[in-house]
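**Q** One structure, pasted below without further comment.
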Amino acid sequence: MSTNPLDLEACDWSATPLGPRENWRPALEAIFTMMLASPFAMCATWGPEQTLLYNAAYVPFLGKRHPAALGQPIATVWSDVWTEIGPIIARVLKGESVSFTDLHLVMTRNGYDEDTWWTFAYSPLRDDGQVVGMIDIAMETTSGVVAAQQRDAVEAELRARNVALEQEVAARTEAGNRFATLVQHLPVGVCLFDSDGQALLSSPLYRQLLPDQPIPSRMTNPEEAERWLGFDAHGERLPPDRYPGARALRGELVTPGVEFLHRRVDGSETWFAVSGVPLMGGAGHVMGAIVMLNDIDHRKRALEAARIDAERVQLALSAGAIMGTWFWDIPTDRFTVDEAFATTFGLDPALGREGISLAQVVETVHPDDQAGLAKAIKEAIAQGSRYAHQYRVRRRDGRYYWIEANGRVDRDADGTPRCFPGVLIDVDERRTIEAERDRAIAELRALNDTLEQRVAERSAELMQAEEKLRQSQKMEAVGQLTGGMAHDFNNLLQAMSGCLQLIGRRAGHVAGVQKVLDSGHQAVDRGASMIRQLMAFSRRQSLQPEAFDVRDRLLGMRAFLDRALRADIRLEFDLESGLWPAMADPVQFELAVLNLATNARDAMTGAGQLVIGAGNRERTGQDGVQEAFVRVWVRDSGRGIAPATLDRVFEPFFTTKAVGQGTGLGLAQVYGFCQQSGGSATVESVEGQGTTVTLLLPRAGTVPAVAVDARPAMVDGGGASVLLVEDDPVVALVIVAALEELGYRVSRAANGEEALRRLRDGETADLLFSDVVMPGEVDGLALAEAARALLPDLAVVLTTGYSENRAGLKGFPVLSKPYRIEDLALTLREEIDRSARNQSCPMGFTFPCLKIG
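Under our numbering, think of the first position of the sequence shown as 1102, with each following residue one higher.
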């Protein structure tokens, strides 16, 4: 054996049943070579004795058994758990593949017994068609299972404490209500009546709220009664004998207060909440009643305004932040889902992404929501209508999250339900805000007979929650809009960019042409930059964070910033020594600094000063953990921002500039970039003294990588054939010209259905190049999967002008529009070469192709 316990490559196998390694069977040698190269924990057995082999990642599982376990029978190595795993391995040796998740085993590996949990995947190994051993990919899940058990115990303790607190709060509230009826000078209108309904005394506030007005329950004048409109919990009009005063004189306790709309003589209207408390004598008869009047006009009107605003916003939204998509073939009960859907539902990776049943999909739905979900699905299928339903699902972290599923049921010509496609929307934050709002409303209603100050405080909390909800829904609406704009606008940019590049290749040498082409390229780049800004603040642009040197980035922008500013603006840098590296998207960082610099320039009408600074910042987070950030600030000496508009500067499309001088997206992009990067953005300003915008970016834990110029060179197509699938005729014309310029033979299909039909009819192509988003039932991704299933060796490249999150699925290479011809040439050639290499790989082995010998 080797002297180094982890040097498995140098192990001497001659003393084991397997014999010297040079005499091994090729299949055994391939298995062992693959295991040594794998970062995952793997072991295998071979031969009649089932001799054990394993890789370095498997060594920690063995503990003190290593290295003696090498070349030993597996039953000897794992004798302490053989009762549990022996039958499993016996099944595998009969040709069955077996897997387990979180299997409990009591194991002795470090000199003592310990509880462990494992996730295994056993597969049989064959040589000349006979099962000669098995391979096991193992992962220890002990820490996760123990953490889940501890979490459940803590949650149970917290629930018990919460029940005790609720009981204590209820007891104190009841005591406060009783005490409030005895206090004459409460800031709630109070009036004491005898058993005949005659007022004995009233508080000053009661007389102020109702000067010369009788209480609702004792009105005898029809004109007076018509000015009081009382409503029950269902919004129905109450008759006078159901008013709180009349009920209290009959011995009923009326609380919480009944809502009344009072119309004064001058026509103005005010909302009141009226409560009634009977005064009982020693013999049990009613001696009188106390009526309490609470002014809820401000709260009532605020709630109504919030309800109207929420309805208007909801009507403007067709969907929110998409968290995944699904397609359900109803007759066969087979779901096809994307990776985002699987993550949202916490689906077992072993299920795959296709052919999943409805029962398997809804396993992670909260038990309390499953009945309602089943009913909603049944109604949608029966009625053939659009479908929208909110419920909770459990993700892999064990927590439940609120989602909204939106879809529709498509039917065949005879009315039979055929398919059910849809999308998932993240409503967890919205439901949290709505729950907080409902909780605040309930507390306000329960405390309507308490101090006016507390009512005002709760109203303020409610307004704040509603403002957060409106802002969240506004961002969702704008984000949905930008997602659709990106696809169409990037298609236009692709057509323009391709035309400019082709003109440059064919006529760029003509005098004066290159200057015009450069201007056109700049316009295309500005359009692409605007789309990236839109996607960034709406959180639909995938950032590419990396560690970078903030000082180098800022100083490297000096020449660019000097050109962007006016000559009468002095640019200075205030960079602290020992700056930490930041973890963010460096391109978006430079764009954010440029946006701030140009905003500062426009805010300085004359000569001024612009200071860009950076320093290290540490702070304590909400959970008490120390956090490290790089602080970057941009300070100008401009006119400043008015207090009335300071809170709105980060809103998308909000600008104080004249029409045509600003889009209102610059600061929104800055804010969205910081939030997505795990930091924050703030602004401070004093009118007449200037403005400072501060960015906090997380400190990077690694050293910034050295930048390498990786601009692709032009690669010739070599006469390869390409099937182009593009529904936009303008874009298609330009791409065909570019491909032919590169040396490809091109045929074009207008949609996915046409392309798939032509491939099935026998049309040959070296590569399929398709747009992702197309009309019809077969989009680019579905076409790529169907084509790859029909022709496994076909090279496939996708392109999209939509959000990056909608492409790059299932491992297909993706070009984001607008792209350059150089990138197109390199991507197509790499995919064709990859496909050619796969065709040359030997077949007939169930593992990835290995170079043996």
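The beta carbon of each residue, even a glycine, is placed where N, CA and C say it ideally should be.
Could you tell me whether the stretch 1790 to 1806 touches the stretch 1722 to 1739, where touching means 3 or more Cβ pairs closer than 8 Å?
**A** yes
**Q** In whole angstroms, give me the CA-to-CA distance for Pro1450 and Ala1170.
**A** About 31 Å.
**Q** Between the C-alpha atoms of Leu1448 and Arg1497, what's the straight-line distance to the nearest angstrom?
**A** Using only the alpha carbons, I get a separation of about 8 Å.
**Q** Cα-Cα, which of Val1625, Trp1681, Asp1469, Leu1350 is closest to Arg1652?
**A** Trp1681
**Q** If I'm right that Leu1692 touches Val1735 with Cβ under 8 Å, what's the distance once you round it to whole angstroms?
**A** Incorrect: roughly 13 Å between the Cβ atoms, too far for contact.
**Q** Can you give the beta carbon distance from Val1897 to Leu1916, rounded, assuming they're within the 8 Å contact cut?
**A** Not a contact, Cβ separation roughly 12 Å.
**Q** Within 10 Å of its beta-carbon, does Gly1679 have 16 or more other beta-carbons around it, so buried, or fewer, so exposed?
**A** exposed
**Q** Judging by CA-CA distance, which residue of Leu1857, Ile1933, Met1597 is the nearest neighbour of Asp1894?
**A** Ile1933
**Q** Does the separation of the CB atoms of Arg1082 and Asp1228 fall below 9 Å?
**A** Absent from the structure is residue 1082, since the part of the chain shown begins at 1102 and ends at 1954.
**Q** Let's see if you can read the secondary structure: which residues bound the beta strand (DSSP E) around Met1240?
**A** 1231 to 1241
**Q** Answer yes or no: do Gln1173 and Thr1209 have a C-beta to C-beta separation smaller than 9 Å?
**A** no
**Q** How long is the line joining the alpha carbons of Ser1458 and Ser1244, rounded to whole angstroms?
**A** One Cα belongs to Ser1458, the other to Ser1244, and the distance between them is close to 31 Å.
**Q** Classify Ser1486 as buried or exposed, calling it buried when 16 or more other Cβ atoms lie within 10 Å of its own Cβ.
**A** Classification for Ser1486: exposed.
**Q** Let me check understanding here. Comparing Cα to Cα, which of Gly1298, Ala1481, Met1424, Ala1475 lies closest to Asp1439?
**A** Taking each of Gly1298, Ala1481, Met1424, Ala1475 in turn and checking the Cα distance to Asp1439, the smallest one comes out for Met1424.
**Q** If you scan the stretch 1111 to 1195 from start to end, which runs of the alpha helix (DSSP H) of 4 or more residues do you find wholly inside it?
**A** 1127 to 1138, 1160 to 1163, 1175 to 1178, 1183 to 1194
**Q** Helix, strand or coil for Leu1350? Go by DSSP, reduced to three states.
**A** helix
**Q** I need the straight-line Cα distance from Arg1538 to Glu1567, nearest angstrom please.
**A** The straight-line gap from Cα to Cα measures roughly 7 Å.
**Q** If you follow the alpha helix (DSSP H) that Gln1299 is part of, which residue opens it and which one closes it?
**A** Run containing Gln1299: none; DSSP gives neither H nor E here.
**Q** Could you work out which residue in Phe1870, Val1835, Leu1840 is closest to Ala1850 when comparing CA atoms only?
**A** Closest option to Ala1850, Cα to Cα, is Phe1870.
**Q** In the DSSP output, which residue or residues are listed as bridge partners for Met1684?
**A** Ala1648.
**Q** Taking the straight line between their C-alpha atoms, what separation do you get for Ile1604 and Val1466?
**A** Cα-Cα distance, rounded: 56 Å.
**Q** Quick one: Cα of Arg1938 to Cα of Ala1249, how far?
**A** 45 Å
**Q** Quick check on DSSP: helix, strand or coil for Ala1276?
**A** Any answer about Ala1276 is weak, because its pLDDT of 46 lies below 50 and its placement is not dependable; what the coordinates show is given next. Correct three-state label for Ala1276: helix.
**Q** What residue range is occupied by the uninterrupted alpha helix (DSSP H) comprising Pro1914?
**A** Neither: Pro1914 is in no alpha helix (DSSP H) and is coded neither H nor E.
**Q** Alpha carbon to alpha carbon, how far is Pro1225 from Leu1109? Give it in angstroms, no decimals.
**A** 23 Å
**Q** Is Glu1677 buried or exposed, if buried means 16 or more other CB atoms sit within 10 Å of its CB?
**A** exposed
**Q** Are there three or more Cβ pairs, one per stretch, closer than 8 Å when the stretch 1156 to 1170 is compared with the stretch 1124 to 1141?
**A** yes
**Q** Does the beta-carbon of Gly1352 have 16 or more other beta-carbons within 10 angstroms, so that it is buried, or is it exposed?
**A** exposed
**Q** If we ignore side chains and look at the alpha-carbon of each, how far apart do Arg1380 and Ala1349 end up?
**A** In the sequence as displayed, the identity of residue 1380 is Leu instead of Arg. Their Cα atoms are separated by approximately 8 Å.
**Q** Please classify Tyr1223: does DSSP put it in a helix, a strand, or coil?
**A** strand
**Q** Determine the burial state of Gly1382: buried for a count of at least 16 other Cβ atoms within 10 Å of its Cβ, exposed for fewer.
**A** exposed
**Q** Is the beta carbon of Val1823 sitting closer than 9 Å to the one on Val1847?
**A** yes
**Q** Between the C-alpha atoms of Pro1357 and Glu1535, what's the straight-line distance to the nearest angstrom?
**A** 22 Å
**Q** Do three or more CB pairs link the stretch 1766 to 1784 to the stretch 1707 to 1719 at distances below 8 Å?
**A** no
**Q** By Cβ distance, which residues of its chain are closer than 8 Å to Ile1431, with the 5 residues on each side in sequence left out?
**A** These residues qualify, in order along the chain: Ile1482, Val1510, Pro1518, Arg1519, Cys1520, Phe1521.
**Q** With H, G and I counted as helix, E and B as strand and the rest as coil, what does DSSP make of Ala1782?
**A** In the structure shown, Ala1782 falls within a strand segment according to DSSP collapsed to helix, strand and coil.
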